[in-house]
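Under the working numbering, the first residue of the sequence shown is numbered 5, with each subsequent residue one higher.
Note that CB positions come from ideal geometry on N, CA and C, so glycine has one too.
Predicted model only: the values in this text are computed from it and were never measured.
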Amino acid sequence: CMEAGRPVDSEMKYRLVEQCQSPPLSTPELEMPAFIATKVSQYSCQRKTTLDNYNKKFTDAFEVMAENYEFKENEIFCLEFLRAASLLKSLPFSVTRMKDIQGLPCMGDQVRDIIEEIIEEGESSRVKEVLNDERYKAFKQFTSVFGVGVKTSEKWYRMGLRTVEEVKADKTLKLSKMQKAGFLYYEDLVSCVSKAEADAVSLIVKNTVCSFLPDALVTITGGFRRGKNIGHDIDFLITNPGPREDDELLHKVIDLWKKQGLLLYCDIIESTFVKEQLPSRKVDAMDHFQKCFAILKLYQPRVDNSTCNTSKKLGMAEVKDWKAIRVDLVITPFEQYAYALLGWTGSRQFGRDLRRYAAHERKMILDNHALYDRRKRIFLKSGSEEEIFAHLGLDYVQPWERNA
Ligand code: DCT
Ligand code: MG
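Structure below.
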């Protein structure tokens, strides 16, 4: 979740989808009688976005554009493309003509130009330009390393570095502990986490946490809670119902994993939460929970083939029987659990829009800890995600419909 690589190479995604044509839709008006473009909300928290994306060739293109603007630290244009991508992901049909996007929000000129070009030419020249851009390609590689963000990439790029190999080879660079781990386990970390791996790690986390606190609630959040079957990390929320709070829990868990040889990297961040403080006004603010960004060693049941035994007998290098996996553990007080769950379930865009909706439409401030009503000057308590949506006057959106 920190500065980390994205799960799927957008370039690959883009190339793959370029080739497939969407099925011809003769009369979408007749097939979608309930669809009225002007009624589509500009906020993704008022839409349902499942993983069935009928407009992947457009949304992949927008995500490349957004990422390029992120690398250039142009937040406005970055958001414009992220919002457009998110909107098209929520459509129940494939866009095949400009008429299909008529009346929809979030379709600015830049966005429309790219849609038009993809409809007419099958691909966008602007997106192709970005994909071939030296700076974009270098930043894409650098930010795929755990612990490397835009700032570090900028520095390396200015030094003339262009690839991960060049960075690795440059022994004069001062790397953070996180980046060192990022390079050490690079291959494992860029290969995505599967659902099966997430389930295996989930068992380990639950068993360890419950050995110290039997009543603790451990929930998988992030993309896996939204029904994705791959991710770049596994996110967990841990809380203890009942009065007892245990500030030492996270340390106990980490210490045990260290003893068991399961911990490859860990950065514990102590809670910085101040009760009296209003929810943060920063739209993309990090929360104040005690948390840990870790890399776990997940042993994998090896396929039983004779080559492994032979290699041992012949004294050859042993086959690696584990994979490094990025795991985030977040500890929350029980009263804040629903807010933390909503925030950590994402998607990022869904969370952004929830906070923007709260601020602009309800004069409320939402973050991962609480919801504050500025008119009534009170905090609104919630014991479940449903209650938070209700406080905001929103229809409930299921986790698997939050893939905005
Ligand atoms: N989140 C948050 N505050 C942060 C970081 C993340 O509230 N400082 C939320 C937004 C999404 C969610 O936590 C999980 O973050 P990621 O793991 O980055 O996203 P993901 O949706 O799980 O995607 P991936 O499959 O790439 O892990
Ligand atoms: Mg995640």
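Bounds of any alpha helix (DSSP H) do not take in C110, whose DSSP letter is neither H nor E. Around the Cβ of T276, a 10 Å sphere holds fewer than 16 other Cβ atoms; the residue is exposed. Around the beta carbon of P245, fewer than 16 other beta carbons lie within 10 angstroms, which makes this residue exposed. In the DSSP annotation of this structure, the continuous segment of the beta strand (DSSP E) that includes D271 starts and ends at L267 to I273. Counting the other Cβ atoms within 10 Å of the Cβ of T147 gives 16 or more, which makes it buried. Between R406 and T336 a beta carbon distance of about 19 angstroms is seen, past the 8 angstroms cut, so the two are scored as non-contacting. Using a Cβ-Cβ distance cut-off of 8 angstroms, the stretch 141-156 and the stretch 169-183 are in contact, since at least three pairs of beta carbons, one from each stretch, lie closer than that value. In the three-state reduction of the DSSP assignment, K141 falls in the helix class, which pools H, G and I. In the DSSP assignment, K93 falls within the alpha helix (DSSP H) that extends over E79 to K93. Contact between S94 and K52 holds, with the beta-carbon distance rounding to 6 angstroms and staying under 8 angstroms.
Taken atom to atom, the span from the alpha-carbon of D174 to that of K301 is near 27 angstroms. Looking only at R379, V168 and M69, the smallest Cα-Cα distance to I119 is reached by M69.
Taking P403 as the centre and dropping the five residues before and after it, the same chain places the C-beta of R229, R230 and T349 closer than 6 angstroms to its C-beta, in chain order.
Of the other Cβ atoms in all chains shown, fewer than 16 fall within 10 Å of the Cβ of M320; this residue is therefore exposed. Annotation note: the stretch 181-232 contains the following uninterrupted beta strand (DSSP E) runs of length 3 or greater, listed N- to C-terminal: 221-224. Along the length of the stretch 319-404, whole alpha helix (DSSP H) runs at least 4 residues long occupy 341-349, 352-366 and 389-395, reported in chain order. The straight-line gap separating the alpha-carbon atoms of T176 and R139 is approximately 22 angstroms. For K232, the shortest C-beta to heavy atom distance toward the ligand DCT is below 7 angstroms. Burial of C49 is indicated by the presence of at least 16 other C-beta atoms within 10 angstroms of its C-beta. Contact annotation: G387 and A342 have beta-carbon atoms nearer than 8 angstroms. Bounds of the alpha helix (DSSP H) holding Y73 are K60 to F75. If the five residues before and after S128 are omitted, its C-beta is found closer than 8 angstroms to the C-beta atoms of A65, I118, E121 and I122, all from its own chain and listed in chain order. Straight across, the Cα-Cα distance linking G107 with F97 is about 15 angstroms. With respect to K172, F150 sits apart: the two C-beta atoms are not nearer than 8 angstroms.
Look at G227: its beta carbon is less than 7 angstroms from one of the heavy atoms in the ligand MG.
The closest CA to that of R330, considering only D357, E274 and L268, is found on L268.
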